[in-house]
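Visitor: What follows is a structure written as C-alpha coordinates; I'll ask about it next.
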Amino acid sequence: MTNSNQETGQRSSLASLFQNRNFALLWVSQVFGQSAQNAILFVQMVMVEDLSRSSGLVGLMVLVYNLPSLLFSMPFGVVIDRYKKKAILLFCNISRIFVVAAFIPLRRFEWSGGLMSVVYVLTFVLQAIGQLSDPAEVAMVPILVPTGQLLAANSAFRMLFNVSQVLGLLFLAPLSLKLAGIDGAFVVISLTYLLTSALIWPIAANEPPPDPSLVHNVLPRLWQELRAGWKFVISSTSIFVAICQHSLMQMLSMTIAVLAPGFAARVLGMPATDAIYIFFSAGLGMFLVTMFTSHVGYRYRREMLVAVGLFLSGLALLGFTLVAWNNRVTGETVVAGSLGLIAQVVLMALILGAGGTLATVAAQTLVQERTPIEIRGRVITAEFLFANISGLLPMLLVSGLADFVGIPEVLAGLTTLFLVAALLSYRYGRNQPHSQPEHVRS
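In my numbering, the protein residues as written are 1244 to 1685.
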(Lines of atoms letter the chains of each structure in order from A and count residues from 1; the text may use other names and numbers.)
(Lines give C-alpha, C1' and ligand atoms only; values in the text may rest on other atoms or scores of the structure.)
Protein backbone atom coordinates (compact mmCIF):
# COMPACT_ATOMS: atom_id res chain seq x y z
CA MET A 1 0.00 0.00 0.00
CA THR A 2 3.02 2.26 0.33
CA ASN A 3 3.58 4.73 -2.51
CA SER A 4 6.94 4.24 -4.21
CA ASN A 5 6.84 7.83 -5.41
CA GLN A 6 7.19 9.41 -2.02
CA GLU A 7 10.83 10.27 -2.75
CA THR A 8 9.92 12.31 -5.85
CA GLY A 9 8.70 15.36 -4.01
CA GLN A 10 9.04 17.27 -0.78
CA ARG A 11 7.41 15.90 2.31
CA SER A 12 4.10 17.55 2.85
CA SER A 13 2.49 19.46 5.64
CA LEU A 14 -0.05 22.23 5.61
CA ALA A 15 2.54 24.66 6.97
CA SER A 16 5.08 23.92 4.25
CA LEU A 17 2.33 23.88 1.62
CA PHE A 18 1.20 27.39 2.47
CA GLN A 19 4.79 28.62 2.67
CA ASN A 20 4.64 28.19 -1.10
CA ARG A 21 3.65 31.77 -1.99
CA ASN A 22 2.20 30.91 -5.37
CA PHE A 23 0.00 28.14 -4.02
CA ALA A 24 -1.12 30.31 -1.10
CA LEU A 25 -2.12 33.12 -3.49
CA LEU A 26 -4.10 30.71 -5.67
CA TRP A 27 -5.81 29.15 -2.64
CA VAL A 28 -6.77 32.48 -1.05
CA SER A 29 -7.92 33.86 -4.41
CA GLN A 30 -10.28 30.92 -4.77
CA VAL A 31 -11.67 31.40 -1.27
CA PHE A 32 -13.05 34.67 -2.60
CA GLY A 33 -13.74 33.47 -6.13
CA GLN A 34 -15.61 30.32 -5.17
CA SER A 35 -17.56 32.16 -2.45
CA ALA A 36 -18.65 34.71 -5.06
CA GLN A 37 -19.59 31.92 -7.45
CA ASN A 38 -21.83 30.34 -4.81
CA ALA A 39 -23.28 33.69 -3.77
CA ILE A 40 -24.24 34.78 -7.30
CA LEU A 41 -26.58 31.80 -7.80
CA PHE A 42 -28.36 32.62 -4.54
CA VAL A 43 -28.76 36.28 -5.53
CA GLN A 44 -29.94 35.36 -9.03
CA MET A 45 -32.60 33.01 -7.66
CA VAL A 46 -33.81 35.74 -5.30
CA MET A 47 -33.97 38.12 -8.27
CA VAL A 48 -35.93 35.62 -10.38
CA GLU A 49 -38.32 34.97 -7.50
CA ASP A 50 -38.92 38.72 -7.08
CA LEU A 51 -39.55 39.14 -10.81
CA SER A 52 -41.71 36.09 -11.43
CA ARG A 53 -43.10 34.71 -8.16
CA SER A 54 -42.77 31.33 -9.88
CA SER A 55 -41.03 28.26 -8.48
CA GLY A 56 -40.92 26.84 -12.01
CA LEU A 57 -38.89 29.79 -13.29
CA VAL A 58 -36.57 29.49 -10.29
CA GLY A 59 -36.10 25.83 -11.23
CA LEU A 60 -35.34 26.92 -14.79
CA MET A 61 -32.56 29.09 -13.36
CA VAL A 62 -31.00 25.96 -11.82
CA LEU A 63 -31.21 24.23 -15.23
CA VAL A 64 -29.58 27.20 -16.98
CA TYR A 65 -26.92 27.17 -14.25
CA ASN A 66 -26.01 23.55 -15.03
CA LEU A 67 -26.39 23.52 -18.82
CA PRO A 68 -22.96 25.02 -19.72
CA SER A 69 -21.18 22.14 -18.00
CA LEU A 70 -22.70 19.75 -20.54
CA LEU A 71 -22.02 21.98 -23.56
CA PHE A 72 -18.58 23.46 -22.98
CA SER A 73 -16.55 21.16 -20.73
CA MET A 74 -14.65 19.30 -23.44
CA PRO A 75 -14.10 22.18 -25.92
CA PHE A 76 -12.77 24.35 -23.10
CA GLY A 77 -10.30 21.58 -22.26
CA VAL A 78 -8.60 22.27 -25.59
CA VAL A 79 -8.35 25.97 -24.69
CA ILE A 80 -6.80 25.13 -21.31
CA ASP A 81 -4.17 22.96 -23.00
CA ARG A 82 -3.30 25.66 -25.52
CA TYR A 83 -3.05 28.77 -23.33
CA LYS A 84 -1.41 29.62 -20.01
CA LYS A 85 -3.59 28.70 -17.03
CA LYS A 86 -2.85 31.93 -15.16
CA ALA A 87 -3.95 33.98 -18.18
CA ILE A 88 -7.16 31.95 -18.39
CA LEU A 89 -7.92 32.51 -14.69
CA LEU A 90 -7.32 36.25 -15.02
CA PHE A 91 -9.50 36.46 -18.13
CA CYS A 92 -12.32 34.52 -16.44
CA ASN A 93 -12.38 36.53 -13.23
CA ILE A 94 -12.07 39.91 -14.95
CA SER A 95 -14.90 38.88 -17.30
CA ARG A 96 -17.04 37.96 -14.30
CA ILE A 97 -16.62 41.48 -12.87
CA PHE A 98 -18.32 43.00 -15.92
CA VAL A 99 -20.96 40.30 -16.36
CA VAL A 100 -22.08 40.56 -12.71
CA ALA A 101 -22.01 44.36 -12.85
CA ALA A 102 -24.21 44.22 -15.99
CA PHE A 103 -27.10 42.96 -13.86
CA ILE A 104 -27.34 46.36 -12.15
CA PRO A 105 -28.23 48.63 -15.13
CA LEU A 106 -30.36 45.91 -16.74
CA ARG A 107 -32.57 45.78 -13.65
CA ARG A 108 -33.61 49.36 -14.42
CA PHE A 109 -35.55 48.20 -17.45
CA GLU A 110 -39.03 46.83 -16.83
CA TRP A 111 -39.11 44.36 -19.70
CA SER A 112 -41.17 41.71 -17.94
CA GLY A 113 -40.39 38.46 -19.78
CA GLY A 114 -37.61 40.20 -21.71
CA LEU A 115 -35.79 41.06 -18.51
CA MET A 116 -36.13 37.47 -17.36
CA SER A 117 -34.55 36.32 -20.61
CA VAL A 118 -31.59 38.67 -20.05
CA VAL A 119 -31.14 37.28 -16.53
CA TYR A 120 -31.04 33.75 -17.90
CA VAL A 121 -28.57 34.73 -20.63
CA LEU A 122 -26.20 36.41 -18.15
CA THR A 123 -26.47 33.41 -15.84
CA PHE A 124 -25.60 31.12 -18.73
CA VAL A 125 -22.59 33.29 -19.60
CA LEU A 126 -21.35 33.28 -16.01
CA GLN A 127 -21.56 29.53 -15.80
CA ALA A 128 -19.87 29.11 -19.16
CA ILE A 129 -16.98 31.16 -17.77
CA GLY A 130 -16.94 28.84 -14.76
CA GLN A 131 -16.53 25.82 -17.05
CA LEU A 132 -13.29 27.37 -18.24
CA SER A 133 -11.92 28.69 -14.95
CA ASP A 134 -12.58 25.72 -12.64
CA PRO A 135 -10.66 23.10 -14.70
CA ALA A 136 -7.91 25.64 -15.38
CA GLU A 137 -7.48 26.06 -11.65
CA VAL A 138 -7.27 22.29 -11.10
CA ALA A 139 -4.76 22.00 -13.96
CA MET A 140 -2.67 24.80 -12.43
CA VAL A 141 -2.19 23.13 -9.03
CA PRO A 142 0.39 20.55 -10.25
CA ILE A 143 2.35 23.41 -11.82
CA LEU A 144 2.66 25.24 -8.49
CA VAL A 145 3.40 22.39 -6.05
CA PRO A 146 5.91 19.50 -6.08
CA THR A 147 4.68 15.93 -6.44
CA GLY A 148 5.00 15.11 -2.75
CA GLN A 149 2.59 17.91 -1.85
CA LEU A 150 -0.02 17.36 -4.57
CA LEU A 151 -2.28 15.13 -2.47
CA ALA A 152 -2.23 17.66 0.39
CA ALA A 153 -2.83 20.53 -2.06
CA ASN A 154 -5.91 18.82 -3.47
CA SER A 155 -7.17 18.18 0.07
CA ALA A 156 -6.74 21.85 0.88
CA PHE A 157 -8.71 22.80 -2.24
CA ARG A 158 -11.42 20.27 -1.45
CA MET A 159 -11.82 21.84 1.97
CA LEU A 160 -11.84 25.26 0.29
CA PHE A 161 -14.76 24.31 -1.97
CA ASN A 162 -16.85 23.28 1.03
CA VAL A 163 -15.88 26.35 3.06
CA SER A 164 -16.71 28.61 0.10
CA GLN A 165 -20.23 27.16 -0.06
CA VAL A 166 -20.76 28.20 3.55
CA LEU A 167 -19.20 31.62 3.01
CA GLY A 168 -21.08 32.29 -0.21
CA LEU A 169 -24.52 30.88 0.57
CA LEU A 170 -24.75 31.61 4.29
CA PHE A 171 -22.77 34.86 4.63
CA LEU A 172 -21.81 36.75 1.48
CA ALA A 173 -25.14 36.49 -0.36
CA PRO A 174 -27.61 36.85 2.56
CA LEU A 175 -25.67 39.65 4.28
CA SER A 176 -25.14 41.68 1.13
CA LEU A 177 -28.81 41.27 0.17
CA LYS A 178 -29.97 42.27 3.63
CA LEU A 179 -27.65 45.26 4.02
CA ALA A 180 -27.53 46.59 0.44
CA GLY A 181 -30.32 44.96 -1.55
CA ILE A 182 -29.98 43.12 -4.86
CA ASP A 183 -27.98 45.90 -6.56
CA GLY A 184 -25.65 46.12 -3.58
CA ALA A 185 -25.16 42.35 -3.65
CA PHE A 186 -24.10 42.51 -7.29
CA VAL A 187 -21.63 45.29 -6.42
CA VAL A 188 -20.16 43.23 -3.55
CA ILE A 189 -19.81 40.13 -5.75
CA SER A 190 -18.16 42.17 -8.55
CA LEU A 191 -15.67 43.58 -6.04
CA THR A 192 -15.02 40.05 -4.77
CA TYR A 193 -14.09 38.97 -8.29
CA LEU A 194 -11.85 42.03 -8.56
CA LEU A 195 -10.05 40.95 -5.37
CA THR A 196 -9.77 37.42 -6.80
CA SER A 197 -8.09 38.79 -9.93
CA ALA A 198 -5.72 40.93 -7.86
CA LEU A 199 -4.59 37.87 -5.91
CA ILE A 200 -4.02 35.81 -9.08
CA TRP A 201 -2.00 38.55 -10.80
CA PRO A 202 1.29 38.15 -8.80
CA ILE A 203 1.35 34.32 -9.08
CA ALA A 204 4.57 33.18 -10.73
CA ALA A 205 3.61 30.00 -12.58
CA ASN A 206 6.38 28.18 -14.41
CA GLU A 207 4.25 27.30 -17.44
CA PRO A 208 5.72 26.42 -20.83
CA PRO A 209 4.92 29.06 -23.46
CA PRO A 210 2.04 28.12 -25.78
CA ASP A 211 2.93 26.82 -29.23
CA PRO A 212 1.93 29.65 -31.65
CA SER A 213 0.93 27.20 -34.38
CA LEU A 214 -1.42 25.38 -32.01
CA VAL A 215 -2.86 28.62 -30.58
CA HIS A 216 -3.68 29.98 -34.03
CA ASN A 217 -5.30 26.75 -35.19
CA VAL A 218 -7.49 25.89 -32.21
CA LEU A 219 -10.83 25.96 -34.07
CA PRO A 220 -9.75 24.05 -37.21
CA ARG A 221 -8.14 21.37 -35.04
CA LEU A 222 -10.89 21.30 -32.38
CA TRP A 223 -12.46 17.97 -33.31
CA GLN A 224 -9.05 16.33 -33.64
CA GLU A 225 -8.01 17.69 -30.24
CA LEU A 226 -11.25 16.51 -28.61
CA ARG A 227 -10.80 13.02 -30.03
CA ALA A 228 -7.24 12.92 -28.70
CA GLY A 229 -8.49 13.82 -25.22
CA TRP A 230 -11.23 11.19 -25.19
CA LYS A 231 -8.88 8.60 -26.67
CA PHE A 232 -6.36 9.18 -23.89
CA VAL A 233 -9.03 8.95 -21.16
CA ILE A 234 -10.50 5.72 -22.54
CA SER A 235 -7.17 4.07 -23.32
CA SER A 236 -5.60 4.86 -19.94
CA THR A 237 -7.25 2.44 -17.53
CA SER A 238 -5.97 4.14 -14.37
CA ILE A 239 -7.25 7.56 -15.52
CA PHE A 240 -10.64 6.19 -16.59
CA VAL A 241 -11.11 4.29 -13.32
CA ALA A 242 -10.16 7.37 -11.26
CA ILE A 243 -12.62 9.53 -13.22
CA CYS A 244 -15.39 6.97 -12.63
CA GLN A 245 -14.56 6.89 -8.91
CA HIS A 246 -14.66 10.69 -8.72
CA SER A 247 -18.01 10.68 -10.55
CA LEU A 248 -19.36 8.11 -8.10
CA MET A 249 -18.47 10.40 -5.20
CA GLN A 250 -20.11 13.35 -6.96
CA MET A 251 -23.26 11.27 -7.39
CA LEU A 252 -23.20 10.47 -3.67
CA SER A 253 -22.77 14.15 -2.73
CA MET A 254 -25.80 15.19 -4.76
CA THR A 255 -27.81 12.19 -3.53
CA ILE A 256 -27.14 13.10 0.10
CA ALA A 257 -28.10 16.72 -0.66
CA VAL A 258 -31.40 15.53 -2.14
CA LEU A 259 -32.14 13.01 0.63
CA ALA A 260 -30.99 15.14 3.60
CA PRO A 261 -34.21 17.16 4.10
CA GLY A 262 -36.38 14.03 4.01
CA PHE A 263 -33.98 12.11 6.23
CA ALA A 264 -34.01 14.92 8.78
CA ALA A 265 -37.79 15.34 8.79
CA ARG A 266 -39.04 11.75 8.34
CA VAL A 267 -36.26 9.75 10.01
CA LEU A 268 -34.78 12.07 12.63
CA GLY A 269 -38.07 13.85 13.33
CA MET A 270 -36.52 17.32 13.32
CA PRO A 271 -36.93 20.40 11.11
CA ALA A 272 -34.85 20.10 7.96
CA THR A 273 -33.30 23.50 8.67
CA ASP A 274 -31.87 22.19 11.97
CA ALA A 275 -30.28 19.09 10.49
CA ILE A 276 -27.11 21.04 9.64
CA TYR A 277 -26.16 21.04 13.32
CA ILE A 278 -25.99 17.24 13.29
CA PHE A 279 -24.47 16.82 9.82
CA PHE A 280 -21.92 19.55 10.49
CA SER A 281 -19.53 16.86 11.72
CA ALA A 282 -18.95 15.94 8.05
CA GLY A 283 -16.85 19.11 7.89
CA LEU A 284 -14.71 17.79 10.74
CA GLY A 285 -14.19 14.59 8.77
CA MET A 286 -13.00 16.63 5.78
CA PHE A 287 -10.57 18.54 8.00
CA LEU A 288 -9.17 15.33 9.52
CA VAL A 289 -8.53 13.92 6.04
CA THR A 290 -6.81 17.15 5.05
CA MET A 291 -4.49 16.79 8.05
CA PHE A 292 -3.89 13.12 7.25
CA THR A 293 -3.04 13.71 3.59
CA SER A 294 -0.81 16.67 4.40
CA HIS A 295 1.33 14.73 6.87
CA VAL A 296 1.36 11.03 5.92
CA GLY A 297 -0.88 10.63 2.87
CA TYR A 298 2.09 10.66 0.46
CA ARG A 299 3.17 7.30 1.88
CA TYR A 300 0.21 5.45 0.39
CA ARG A 301 -0.78 4.59 -3.14
CA ARG A 302 -3.55 6.72 -4.57
CA GLU A 303 -5.57 3.69 -5.71
CA MET A 304 -5.64 2.27 -2.18
CA LEU A 305 -6.61 5.62 -0.67
CA VAL A 306 -9.59 5.75 -3.04
CA ALA A 307 -10.61 2.24 -2.00
CA VAL A 308 -10.41 3.17 1.69
CA GLY A 309 -12.45 6.33 1.05
CA LEU A 310 -15.14 4.35 -0.77
CA PHE A 311 -15.23 1.80 2.05
CA LEU A 312 -15.61 4.51 4.71
CA SER A 313 -18.42 6.07 2.66
CA GLY A 314 -20.15 2.70 2.42
CA LEU A 315 -19.71 2.16 6.16
CA ALA A 316 -21.29 5.55 6.90
CA LEU A 317 -24.18 4.80 4.53
CA LEU A 318 -24.71 1.50 6.33
CA GLY A 319 -25.01 3.42 9.59
CA PHE A 320 -27.57 5.82 8.09
CA THR A 321 -29.47 2.82 6.69
CA LEU A 322 -29.65 1.19 10.12
CA VAL A 323 -30.90 4.45 11.64
CA ALA A 324 -33.60 4.69 8.99
CA TRP A 325 -34.68 1.06 9.44
CA ASN A 326 -34.69 1.44 13.21
CA ASN A 327 -36.91 4.50 12.89
CA ARG A 328 -39.35 2.54 10.74
CA VAL A 329 -39.48 -0.32 13.26
CA THR A 330 -39.37 1.56 16.59
CA GLY A 331 -40.25 5.15 15.70
CA GLU A 332 -37.16 6.44 17.53
CA THR A 333 -36.26 10.02 16.56
CA VAL A 334 -33.94 12.78 17.72
CA VAL A 335 -36.98 14.63 19.03
CA ALA A 336 -37.61 11.69 21.32
CA GLY A 337 -34.39 12.62 23.06
CA SER A 338 -32.15 9.69 22.18
CA LEU A 339 -28.57 10.84 22.74
CA GLY A 340 -27.36 7.53 21.34
CA LEU A 341 -29.15 8.19 18.06
CA ILE A 342 -27.70 11.71 17.86
CA ALA A 343 -24.20 10.35 18.52
CA GLN A 344 -24.62 7.68 15.84
CA VAL A 345 -25.77 10.18 13.20
CA VAL A 346 -22.97 12.62 14.09
CA LEU A 347 -20.39 9.81 13.88
CA MET A 348 -21.71 8.55 10.54
CA ALA A 349 -21.67 12.09 9.12
CA LEU A 350 -18.04 12.47 10.24
CA ILE A 351 -17.07 9.17 8.59
CA LEU A 352 -18.96 10.10 5.41
CA GLY A 353 -17.17 13.45 5.23
CA ALA A 354 -13.81 11.78 5.74
CA GLY A 355 -14.42 8.93 3.30
CA GLY A 356 -15.87 11.14 0.59
CA THR A 357 -13.02 13.61 0.81
CA LEU A 358 -10.34 10.92 0.83
CA ALA A 359 -11.76 9.13 -2.23
CA THR A 360 -12.32 12.34 -4.21
CA VAL A 361 -8.94 13.87 -3.42
CA ALA A 362 -6.99 10.68 -4.13
CA ALA A 363 -8.81 10.14 -7.44
CA GLN A 364 -8.25 13.78 -8.45
CA THR A 365 -4.56 13.55 -7.56
CA LEU A 366 -4.16 10.35 -9.55
CA VAL A 367 -5.64 12.03 -12.64
CA GLN A 368 -3.29 15.00 -12.28
CA GLU A 369 -0.22 12.82 -11.71
CA ARG A 370 -0.83 10.37 -14.54
CA THR A 371 -1.75 12.92 -17.23
CA PRO A 372 0.92 14.60 -19.40
CA ILE A 373 0.83 18.38 -19.11
CA GLU A 374 0.10 18.87 -22.82
CA ILE A 375 -3.25 17.06 -22.54
CA ARG A 376 -4.11 17.68 -18.88
CA GLY A 377 -6.78 20.31 -19.56
CA ARG A 378 -8.83 17.98 -21.76
CA VAL A 379 -8.57 15.13 -19.27
CA ILE A 380 -9.63 17.31 -16.34
CA THR A 381 -12.58 18.76 -18.28
CA ALA A 382 -13.63 15.19 -19.15
CA GLU A 383 -13.48 14.45 -15.44
CA PHE A 384 -15.65 17.50 -14.72
CA LEU A 385 -18.13 16.43 -17.41
CA PHE A 386 -18.47 12.91 -16.00
CA ALA A 387 -18.87 14.30 -12.48
CA ASN A 388 -21.48 16.87 -13.53
CA ILE A 389 -23.56 14.28 -15.37
CA SER A 390 -23.33 11.95 -12.37
CA GLY A 391 -24.43 14.80 -10.11
CA LEU A 392 -27.48 15.60 -12.25
CA LEU A 393 -28.91 12.08 -12.09
CA PRO A 394 -29.82 12.21 -8.35
CA MET A 395 -31.57 15.56 -8.87
CA LEU A 396 -33.78 13.91 -11.50
CA LEU A 397 -34.34 10.46 -10.00
CA VAL A 398 -33.51 10.04 -6.31
CA SER A 399 -36.19 12.22 -4.70
CA GLY A 400 -38.95 10.43 -6.60
CA LEU A 401 -37.39 7.05 -5.89
CA ALA A 402 -37.21 7.81 -2.16
CA ASP A 403 -40.90 8.74 -2.15
CA PHE A 404 -41.80 5.60 -4.09
CA VAL A 405 -39.76 2.89 -2.30
CA GLY A 406 -38.69 4.72 0.88
CA ILE A 407 -35.54 6.34 2.26
CA PRO A 408 -34.22 3.16 3.98
CA GLU A 409 -34.36 1.23 0.70
CA VAL A 410 -32.53 3.94 -1.22
CA LEU A 411 -29.84 4.11 1.46
CA ALA A 412 -29.52 0.32 1.43
CA GLY A 413 -28.99 0.41 -2.33
CA LEU A 414 -26.33 3.09 -1.98
CA THR A 415 -24.61 1.11 0.78
CA THR A 416 -24.40 -1.96 -1.43
CA LEU A 417 -23.12 0.09 -4.38
CA PHE A 418 -20.33 1.71 -2.38
CA LEU A 419 -19.18 -1.40 -0.54
CA VAL A 420 -18.99 -3.29 -3.84
CA ALA A 421 -17.16 -0.32 -5.43
CA ALA A 422 -14.71 -0.30 -2.50
CA LEU A 423 -14.01 -4.02 -2.92
CA LEU A 424 -13.49 -3.71 -6.69
CA SER A 425 -11.28 -0.64 -6.20
CA TYR A 426 -9.17 -2.49 -3.64
CA ARG A 427 -8.70 -5.47 -5.94
CA TYR A 428 -7.88 -3.18 -8.87
CA GLY A 429 -5.45 -1.03 -6.85
CA ARG A 430 -3.67 -4.03 -5.37
CA ASN A 431 -2.82 -5.30 -8.85
CA GLN A 432 -1.55 -1.98 -10.21
CA PRO A 433 2.19 -1.46 -10.72
CA HIS A 434 3.97 1.34 -8.87
CA SER A 435 4.29 3.84 -11.70
CA GLN A 436 5.89 7.26 -11.53
CA PRO A 437 3.66 10.32 -11.98
CA GLU A 438 3.59 11.53 -15.58
CA HIS A 439 4.64 15.09 -14.85
CA VAL A 440 7.63 13.79 -12.87
CA ARG A 441 8.82 11.69 -15.80
CA SER A 442 8.49 14.69 -18.08
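Positions of the beta carbon are idealized from the N, C-alpha and C atoms, including for glycine.
Hey, quick one: how far does the alpha helix (DSSP H) through residue 1507 stretch, first residue to last?
Guide: One-based indexing of the sequence shown puts residue 1507 at position 264. Neither: residue 1507 is in no alpha helix (DSSP H) and is coded neither H nor E.
Visitor: Cutting at 7 Å between CB atoms, please list the residues of its own chain near residue 1685, excluding the five before and the five after it.
Guide: The residue labelled residue 1685 in the question sits at position 442 within the sequence shown. Per-residue confidence for residue 1685 stands at a pLDDT of 40, beneath the threshold of 50, marking its modelled position as unreliable; no derived number is given.
Visitor: The ligand GDP and residue 1625: does the residue's C-beta get closer than 7 Å to at least one heavy atom of that ligand?
Guide: The ligand GDP is absent from the structure shown, which contains no ligands of any kind.
Visitor: Report the rounded CA-to-CA distance for residue 1450 versus residue 1560, giving the unit in angstroms.
Guide: Reading the sequence shown from its first residue, position 207 is the one you call residue 1450. Reading the sequence shown from its first residue, position 317 is the one you call residue 1560. Roughly 42 Å separates the two Cα atoms.
Visitor: Would you tell me roughly how many angstroms separate the C-alpha atoms of residue 1495 and residue 1634, rounded to the nearest one?
Guide: Here residue 1495 corresponds to residue number 252 of the sequence shown, with the count starting at 1. Here residue 1634 corresponds to residue number 391 of the sequence shown, with the count starting at 1. Their backbone Cα atoms lie some 8 Å apart in a straight line.
Visitor: Output the distance between the C-alpha atoms of residue 1665 and residue 1622, rounded to the nearest integer angstrom.
Guide: For the purposes of this step, residue 1665 is taken as the residue at position 422 of the sequence shown. For the purposes of this step, residue 1622 is taken as the residue at position 379 of the sequence shown. Going from the Cα of residue 1665 to the Cα of residue 1622 covers about 24 Å.
Visitor: In this structure, how does DSSP classify residue 1326 when only helix, strand and coil are distinguished?
Guide: What you label residue 1326 is simply residue 83 of the sequence shown in a count that begins at 1. If DSSP states are grouped into helix, strand and coil, residue 1326 belongs with coil.
Visitor: Assuming residue 1694 and residue 1361 are in contact, meaning their beta carbons sit under 8 Å apart, how far apart are those beta carbons, in whole angstroms?
Guide: Any answer about residue 1694 is impossible in this case: the structure gives the chain only from 1244 up to 1685.
Visitor: According to DSSP, is residue 1414 helix, strand or coil?
Guide: For the purposes of this step, residue 1414 is taken as the residue at position 171 of the sequence shown. Helix at residue 1414.
Visitor: Starting from residue 1613, trace the alpha helix (DSSP H) in both directions and tell me its first and last residue.
Guide: Translated into the one-based positions of the sequence shown, residue 1613 becomes position 370. Where residue 1613 is concerned, the enclosing alpha helix (DSSP H) stretches over 1582-1613.
Visitor: Rounded to a whole number of angstroms, what is the C-alpha to C-alpha distance between residue 1584 and residue 1480?
Guide: Walking along the sequence shown from the start, residue 1584 turns up at place 341. Walking along the sequence shown from the start, residue 1480 turns up at place 237. C-alpha separation (whole angstroms): 42 Å.
Visitor: Quick one: using the 10 Å Cβ neighbour count with 16 as the cut-off for buried, is residue 1397 buried or exposed?
Guide: As a position in the sequence shown, residue 1397 is number 154, starting the count at 1. Residue 1397 comes out buried.
Visitor: From residue 1750 to residue 1565, what does the alpha carbon distance come to, in whole angstroms?
Guide: Residue 1750 lies beyond the range of the chain shown here (1244 to 1685); nothing can be said about it.
Visitor: In this structure, does DSSP put residue 1482 in helix, strand or coil?
Guide: Along the sequence shown, one-based indexing puts residue 1482 at 239. If DSSP states are grouped into helix, strand and coil, residue 1482 belongs with the helices.
Visitor: If you pair each beta-carbon of the segment 1280-1287 with each one of the segment 1409-1426, do three or more pairs fall below 8 Å?
Guide: Flag = yes, the segment 1280-1287 and the segment 1409-1426 touch.
Visitor: In whole angstroms, what separates the C-alpha of residue 1598 from that of residue 1605?
Guide: Reading the sequence shown from its first residue, position 355 is the one you call residue 1598. Reading the sequence shown from its first residue, position 362 is the one you call residue 1605. The straight-line gap from Cα to Cα measures roughly 11 Å.
Visitor: Apply the 10 Å Cβ neighbour rule to residue 1524 and answer buried if 16 or more other Cβ atoms are within range, or exposed otherwise.
Guide: Residue numbering aside, residue 1524 sits at position 281 when the sequence shown is read from its first letter. That one is buried.
Visitor: Less than 8 Å between the C-beta atoms of residue 1550 and residue 1440, yes or no?
Guide: Translated into positions along the sequence shown, residue 1550 becomes position 307. Translated into positions along the sequence shown, residue 1440 becomes position 197. No. Outside cutoff.
Visitor: Answer with buried or exposed for residue 1573, where buried requires no fewer than 16 other C-beta atoms within 10 angstroms of its C-beta.
Guide: Taking the sequence shown and counting its residues from 1, the one referred to as residue 1573 is at position 330. So residue 1573 ends up on the exposed side.
Visitor: Measuring alpha carbon to alpha carbon, tell me which residue in 1662, 1571, 1620, 1608 is nearest residue 1650.
Guide: On the sequence shown, residue 1650 is found 407 positions in, with the first residue counted as 1. Closest by alpha carbon: 1571.
Visitor: Nearest to residue 1478 by alpha carbon, out of 1660, 1674, 1613, 1274?
Guide: Along the sequence shown, one-based indexing puts residue 1478 at 235. Checking every option, the nearest Cα to that of residue 1478 belongs to 1613.
Visitor: Does DSSP put residue 1652 in a helix, in a strand, or in coil?
Guide: Numbered from its first residue, the sequence shown carries residue 1652 at position 409. Here residue 1652 sits in helix by DSSP.
Visitor: Only counting the same chain, and skipping five residues up and downstream in sequence, which positions put a Cβ closer than 8 Å to that of residue 1322?
Guide: Looking up residue 1322 in the sequence shown gives position 79. The residues are 1331, 1375, 1461, 1620.
Visitor: Which residues bound the alpha helix (DSSP H) around residue 1402?
Guide: Start at 1 with the first residue of the sequence shown, and residue 1402 comes out as number 159. From DSSP, the alpha helix (DSSP H) with residue 1402 extends over 1393-1409.
Visitor: Output the boundary residues of the alpha helix (DSSP H) element that contains residue 1536.
Guide: Your numbering for residue 1536 matches position 293 in the sequence shown. Residues 1524-1538.
Visitor: Specify the secondary structure class of residue 1447 as computed by DSSP and reduced to three states.
Guide: Here residue 1447 is taken as the residue at index 204 of the sequence shown, counted from 1. Coil.
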